[in-house]
Every structure is written in C-alpha cells, then in structure tokens.
Amino acid sequence: MGVVNVTPDSFSDGGRFLAADVALEQALTLAREGASVIDIGGESTRPGSETVPLDTELQRVLPVVEALAARVGVPISVDTMKAEVARRTLAAGATMVNDVSALRFDEEMVDVVAESGCPVCLMHMKGQPKTMQDDPRYDDVVDEVLAFLEERVAFAVAHGVREEQIMVDPGIGFGKTGAHNLALLDSLGRFCSLGRPVVLGASRKRFLGTILGAEPSGRVIGSVATTVIGYLAGAHVFRVHDVK
C-alpha cells in the first residue's frame, strides 16, 4: 500500500504533495513501482496534529482520487475519519476506507462502509492525534490493542459490515511509546488470530528514527526491516512511503 499525503503537515513528507498534480504524479509513480493499493490522505494524523475542516479535506483528496481513478486500475484507499469524505471519494472512484479511528470519530462512517460494501481498515489509536503521544500507558499493550480490535470488528459486523470487508491495524506509533511499538511488532502474529488481514504501518515512524538516529527520509532501512518482520509474522498489507 503506497502512501500519498495530500497535506501540508504530515510527519514524513508534509507539503511535498499538497498540489493535486504533484500528488497524482506521486501516486502514479507508486503504482508503477508495484503498489497494490494507493492510500490517499488529506488530513495529517501525526502526533500533535489538529483535525481539518471537512471542506479542506475534500478539496485536497477529491481531485486526486478522481484523476487517479481515471488513470490506473490500482485500488484506491482513502485515509479518512470523516463519513462524508469517504462517501464522496468512494463515489469518485476510491474503493477502500482506511479509518485510523476504527469507526469511532464519525458515527455515520460505519453506515457508509456497510452500504458501499467497500473494504475498511480498522486501526487502534489511543486518544486523539493531538494528544496521543502525551505519556501513553498500558497494562499490557498487546492484550489491550488486541481486545480493542476484536471489539471494533464486532461493532462493525453488528452494524451491517461484512466480516470479509474488514482489515485490522495495531496502529504502530499511534498512542504508543517506542517500547510499545516493539512489543506489538514482536507479537504481531497474535493479531492474525482475529481472522482478518493484518495491516502494518510502520514506515518512517518516529520510533525508527529514535533507533536509527535518522530523520524520516533516512529511515528506509528501518521501514524495510519492520516490513520483513511483519511479513514473517503473517501480516498481509504493508503501508509504506517507499514502494521500491
């Protein structure tokens, strides 16, 4: 899954792809390099980020989704917590929703997903992006994240989403310390017990920078290593900034 952030403030590439034509070219490049899915996001969820208005998010992602859908046959995922963004982009050619709030932020999102029948990724996040890295604590991070995802899958199914539509993501870097992230990677195989495809999004994350002493652009080796770890543990989808 190749990532294109159409934002001014994403942690890894904020501002590089804010212009629709530049974002489109990056998406096409990722598709040529072998991405099986292109994930388009118009709202940064980096630590400390603020929610953006609906109109702003739509202005960022809708033109890119429309243009990309007309150019490639690669499935398009939209990274959003807002039901209206999901609704509009699905109508424009997107085929999947990647919701970092796991259907909690917008109560209408579960209905959009159920009615469209599209795949959806449910991710664990402790708190909200603005404050999620303010001293996150767990008694047992693996058990708690696993229980959360199990509950969100049950919630989605109870509201009309078919189980086969659902993917799960333990949310590396979303309300976790470096130690929490490493514990999740070490126990990633346990998430396969949920019976749903596991998505791993560790690409360029801050904990890799801490380990490597590198800025986001210098974390490719760490991103590759976590992808290999995830693959060996049974993860199915790898959300990355560098496909090739």
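Numbering (the working numbering), first residue to last: 1446 to 1689.
Just so it is clear, CB atoms sit at the ideal spot from N, CA and C, and this is done for glycine as well.
Terminal residues of the beta strand (DSSP E) in which residue i lies
i, result
"V1448", "G1447 to N1450"
"D1524", "I1521 to D1524"
"I1611", "I1611 to D1614"
"V1542", "M1541 to D1544"
Contacting residues, own chain, Cβ-Cβ under 8 Å from residue i (five flanking each side not counted)
i, result
"V1482", "M1446, G1447, V1519, P1520, I1521, S1522, M1541 and V1682"
"D1556", "A1528, H1604 and G1605"
"E1595", "L1639"
"F1600", "L1548 and V1555"
"N1626", "I1617, G1618, A1647, K1650 and F1652"
"L1499", "K1527, E1529 and V1530"
beta-carbon residue i near the ligand SAH non-hydrogen atom, thresh 7 Å
i, result
"I1521", "Of the ligands one can find in the structure shown there are none, so the ligand SAH has no counterpart to examine."
CB-CB length for residue i against residue j, believed under 8 Å
i, j, result
"L1535", "S1494", "With 8 Å as the limit, L1535 and S1494 do not qualify as a contact, their Cβ atoms being about 24 Å apart."
"V1506", "V1451", "6 Å"
"L1645", "I1611", "Rounded, the Cβ-Cβ distance is 16 Å, inconsistent with contact."
"G1616", "H1569", "4 Å"
"S1668", "R1649", "6 Å"
"D1484", "D1544", "Going by Cβ atoms, the distance from D1484 to D1544 rounds to 12 Å, so no, they are not a contact pair."
Nonlocal neighbours in the same chain, by C-beta distance under 6 Å from residue i, ignoring five residues either side
i, result
"V1602", "E1608"
Opening and closing residue of the alpha helix (DSSP H) in which residue i lies
i, result
"D1631", "G1623 to D1631"
"L1567", "That residue, L1567, is in no alpha helix (DSSP H); its beta strand (DSSP E) goes V1565 to M1568."
"I1617", "Element bounds for I1617: n/a, residue is neither H nor E."
"D1466", "A1465 to R1477"
"D1500", "L1499 to R1516"
Buried/exposed call for residue i, threshold 16 Cβ in 10 Å
i, result
"L1548", "buried"
"T1501", "exposed"
"R1582", "exposed"
"R1491", "buried"
"P1453", "exposed"
"D1588", "exposed"
"A1480", "buried"
Strand pairing of residue i, partner residues [DSSP]
i, result
"F1683", "L1645"
"T1484", "The displayed chain sequence assigns Asp, not Thr, to residue 1484. DSSP output for D1484 lists V1448 and S1522 as bridge partner(s)."
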